[in-house]
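For the sequence shown, the working numbering gives the first residue as 26, with consecutive numbering after it.
For reference, the structure discussed in these notes is given below.
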Amino acid sequence: MENGLCEAEKSLDKFLPSVGLFVYWCKAYDYHALGLPNEAELYQRYNTFLGYARFNRDEFQYRSKVEFWLLKNL
């Protein structure tokens, strides 16, 4: 909901958005701000992680705690 309110504040329209647009704004996330990679980056990071997974899992440099859990559970 916070994303929707931020987008409504940024909007140049002096009226509130439609319900559908507001819901869309609420569901839209900047995944990089959350510490998540996009699809191509995730594929590349996962392949790199697989090189470490068998013997050197502790040496892999995770970019965030979110990435740690994401790669660990794939």
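Note that the Cβ used here is the ideal one computed from N, Cα and C, for glycine as well.
The segment 60-70 and the segment 85-94 touch, with no fewer than 3 CB-CB distances between them shorter than 8 Å. For residue 59, no alpha helix (DSSP H) segment is defined, and its DSSP state is neither H nor E. Here residue 36 has 42 as same chain residues with Cβ atoms under 7 Å from its own Cβ, once five neighbours each way along the sequence are excluded. Where residue 93 is concerned, the enclosing alpha helix (DSSP H) starts and stops at 90-98.
Per DSSP, residue 30 is one residue of the alpha helix (DSSP H) stretching across 27-35.
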